[in-house]
Amino acid sequence: MSKKNKIYWFEGVTEKGVRALLNEEHSNFTWLRSQRNRRCLVLIQLLGLALVALASYFPSIRTNLNLSAQTELAIYVVTAIFVVIAVFGSYSLLRIAVRGIADAPEELLDERQVLVRNSSFRYAYFYMGYLVIGLLLLMFFGPELTLFEPTGNDGSFLLIATLMAFASAPSMILAWRERDI
Amino acid sequence: MADLFSLTSDMAAISVSENYVVLMLCSMYATDMSRNSEDPVFNQIEAARTSMGLSRQELADLVGVHYQTIGYLERGEYSPSLVLALRISRALKQEVSELFSLTPRSEGK
Chain A
7 MSKKNKIYWF EGVTEKGVRA LLNEEHSNFT WLRSQRNRRC LVLIQLLGLA
57 LVALASYFPS IRTNLNLSAQ TELAIYVVTA IFVVIAVFGS YSLLRIAVRG
107 IADAPEELLD ERQVLVRNSS FRYAYFYMGY LVIGLLLLMF FGPELTLFEP
157 TGNDGSFLLI ATLMAFASAP SMILAWRERD I
Chain B
18 MADLFSLTSD MAAISVSENY VVLMLCSMYA TDMSRNSEDP VFNQIEAART
68 SMGLSRQELA DLVGVHYQTI GYLERGEYSP SLVLALRISR ALKQEVSELF
118 SLTPRSEGK
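Top to bottom, those sequences are chains A and B. Residue numbers for the first sequence follow our numbering, so the first one is 7 and each next one is one higher. Residue numbers for the second sequence follow our numbering, so the first one is 18 and each next one is one higher.
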């Protein structure tokens, strides 16, 4: 390994970072690598993303449920805390759990890892296609959404959830499918 | 007429949504990451490696792959490329044809 820490701008990773994740065996996070725990992480991540997306419809939900101001605030704060932990925390842990294979450049992986990485991107592409179809259906037949509007249903949360789903889909698929990482 | 149009579009939406869910579920497990799942390659890597007293990590270092990949190879869950097969046979000091075969051997996978 060269002493210089090469930066892979396209993937947004560094050589030392990738190598450390790929060869890490005795860190505090090795318990994450069992398939069961990886799948739990994926489910937490999906739940977090669904809640972020649902935040777009919070004004409609609030109106329909007739909640008191305090209950509304409590729900909002608890959900927001959970969402931040679920989305950003589980995304970080997910990357550790799959050894960062989904974001690693080809030259730092072996041939099986390259195959697995490419395969997960292929399926992520399909699933994101389904997601986009789902979003289109939601936009056509669901409640009305506006972007960056303080009143009414703010579609920016849905947009953020979609972008996060795009970013984390390959890692989620890898975490779900692979027996040993 | 407008009601009929609305009902038809609602039914179309439900039908599209159902197809959408079915498509997602069908594709979820219809995949295989093996190089050639329909024509497996059997190997004697584990036997040759243990007879040489090598650990998976040591063999992985010799052939330049991750140790998990050696595990996948030994279990027959991944078929190596020709280059990797040649590297493994060189590291284990055996011919490729001795290590890999298209039919199972008595003690191999």
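Ideal Cβ placement from N, Cα and C applies to all residues, glycine included. Predicted model only: the values in this text are computed from it and were never measured.
{"Check": "Quick one: is B/Tyr84 near chain A, going by C-beta distance under 7 angstroms?", "Outcome": "no"}
{"Check": "Taking 7 angstroms as the threshold (beta carbon to beta carbon), is B/Ser96 in contact with chain A?", "Outcome": "no"}
{"Check": "State yes or no: is the C-beta of A/Asp109 within less than 7 angstroms of the C-beta of A/Glu17?", "Outcome": "yes"}
{"Check": "So if I threshold CB-CB distances at 8 angstroms, which residues from the stretch 116-135 of chain A count as touching chain B?", "Outcome": "Asp116, Glu117, Arg118, Gln119, Leu121, Val122, Ser125, Tyr129, Phe132, Tyr133"}
{"Check": "Quick one: what does DSSP say A/Asn159 is sitting in, helix, strand or coil?", "Outcome": "coil"}
{"Check": "From A/Glu31 to A/Asp186, what distance separates their C-alpha atoms?", "Outcome": "13 angstroms"}
{"Check": "Have a look at B/Leu79 and A/Ser96 and give me their C-alpha separation to the nearest angstrom.", "Outcome": "35 angstroms"}
{"Check": "Counting only beta-carbon separations shorter than 7 angstroms, does A/Asp186 have a partner in chain B?", "Outcome": "yes"}
{"Check": "Is it true that the stretch 169-179 of chain A meets the stretch 45-63 of chain A, where meeting means three or more beta-carbon pairs spaced less than 8 angstroms apart?", "Outcome": "yes"}
{"Check": "Of all the CB atoms in chain A, is at least one closer than 7 angstroms to the CB of B/Met50?", "Outcome": "Any reading at B/Met50 is ruled out, since the residue's pLDDT is 46, under 50, leaving its predicted position unreliable."}
{"Check": "Which bits of chain A does B/Leu101 rub up against, with CB to CB less than 9 angstroms?", "Outcome": "Asp116, Glu117, Arg118"}
{"Check": "Work out the CA separation of A/Leu99 and A/Val93 for me, nearest whole Å.", "Outcome": "10 angstroms"}
{"Check": "Among A/Ala59, A/Tyr82, A/Arg123, which one has its Cα closest to the Cα of A/Thr162?", "Outcome": "Residue identity differs from the one stated: residue 162 of chain A is Ser in this sequence, not Thr. Ranking the options by Cα distance to A/Ser162, first place goes to A/Ala59."}
{"Check": "Quick check on A/Val19: does DSSP put it in helix, strand or coil?", "Outcome": "strand"}
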